[in-house]
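Colleague: I'd like to ask some things about the structure below.
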Amino acid sequence: MKHLKEEVERITEQLDKDGSALSSEAMKGLQERRHDLLTALSVRSGTEGKINSELNAVTAKLRVHILNSVQVVCTTLSGAGSAALSKLTRGFDLVIIDEAAQAIEPSTLIPLQFQAKKYILVGDPRQLPATVFSRRSEELKFTRSLFERLQLAGYESHMLTVQYRMHPKIRAFPSRHFYQDRLTDFYSADEMAAPWHEDDR
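Structure (C-alpha cells):
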C-alpha cells in the first residue's frame with residue numbers, strides 16, 4: 001500500500017510541475033493512472049479496515065473468554081468498568097478492593113456492578129485520603145471514601161494490628177500517635193537486626 005501512495009504522490013507532483021508542458025494525451029494517461037491507483041488504494045484501505053475490525057472483534061471475544069475461565073481477575077477500579085468485564089457471563093464470589101480508604105466513593109462503586117456474594121474493602125483511613133482537584137467535588141464530599149462512609153454507618157470493620165515491614169523502633173511512632181499503641185511486630189528487634197543497624201558513635 002505504501003508504494004501505491006508513493007506513486008500517487010509522484011504522479012501528482014509531475015502533473016503539478018510539468019502539466020503545462022505535457023501533451024493532452026500524456027496528461028490524460030497520468031490522470032487515468034492516478035485514478036486507477038486511488039481506486040486500488042481505496043479498495044485496499046477498505047479491506048485493511050475490515051480485517052482490522054474483524055481482528056479487534058476476535059480479540060475482544062478472546063479476552064472475554066479468558067476472563068470467564070480464570071479464577072482470579074485483577075484490575076484497577078476504573079478498569080472494572082471496561083467493556084470486557086461488562087460482558088462476563090459469570091459472577092464473582094468475592095471482590096477485594098485494596099487501598100479502599102484512598103479511593104473516592106464514585107470509583108469504588110464501579111466494581112459493585114459485579115454483584116459479588118461478598119465485598120472486602122481493605123485500607124487505612126488514617127492515611128492520606130483520595131486526591132480531588134475540584135473545590136466543588138470537595139464541597140460534595142467526594143474526598144470521602146466508601147470505606148469511611150461504611151465505617152461511619154457502623155458496618156463491621158477489623159483492624160490488622162500485626163505489622164511486618166518496619167523495625168520496631170520505627171513502628172513505635174505511628175503506633176503511639178495514630179493507632180492508640182495497638183500495632184505489634186511480627187519480628188522482634190533481634191530478628192531484624194543487621195550489621196548496619198549498629199551505632200558506632
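Heads up: the sequence shown begins at 1 in full-length UniProt numbering, then just goes up one per residue. Even for Gly, the Cβ is constructed at its ideal location relative to N, Cα and C.
1. As an exercise, report each continuous alpha helix (DSSP H) stretch of at least 4 residues that is fully enclosed by the stretch 123 to 190, in chain order.
2. Is Val-72 helix, strand or coil by DSSP?
3. State the DSSP-derived secondary structure class of Lys-87, mapped to helix, strand or coil.
4. Can the beta-carbon of Arg-90 be found less than 8 Å from the beta-carbon of Asn-68?
5. Suppose contacts are defined by Cβ-Cβ distances below 8 Å. Is Ser-163 in contact with Arg-171 by that definition?
6. What are the boundary residues of the beta strand (DSSP E) that includes Leu-94?
7. Quick one: is Phe-147 buried, meaning 16 or more other Cβ sit within 10 Å of its Cβ, or exposed?
8. Indicate the three-state DSSP secondary structure (helix, strand or coil) for Ile-104 in the structure shown.
9. Note down the Cα distance separating Leu-41 from Val-132, rounded to an integer number of angstroms.
10. Considering only residues of the same chain and omitting the five flanking positions on each side of Val-73, which have a CB-CB separation below 8 Å?
11. Quick one: is Thr-108 buried, meaning 16 or more other Cβ sit within 10 Å of its Cβ, or exposed?
Modeller: Reading off the structure:
1. Every alpha helix (DSSP H) of 4 residues or more that sits fully in the stretch 123 to 190 is shown, in chain order, as 135 to 139, 146 to 152 and 168 to 178.
2. In the structure shown, Val-72 adopts coil according to DSSP, grouped into three states.
3. It is coil, neither helix nor strand.
4. Yes, they are a contact pair.
5. Here residue 163 is Gln; the residue named in the question, Ser, does not match the sequence. A Cβ-Cβ contact shorter than 8 Å links Gln-163 with Arg-171.
6. Its beta strand (DSSP E) spans residues 94 to 97.
7. Burial check for Phe-147: the Cβ neighbour count within 10 Å reaches 16 or more, so the residue is buried.
8. Taken through DSSP and simplified to helix, strand or coil, Ile-104 comes out as coil.
9. About 49 Å.
10. The answer, listed in chain order, is Leu-67, Leu-85 and Phe-92.
11. Its Cβ being crowded by 16 or more others within 10 Å, Thr-108 is buried.
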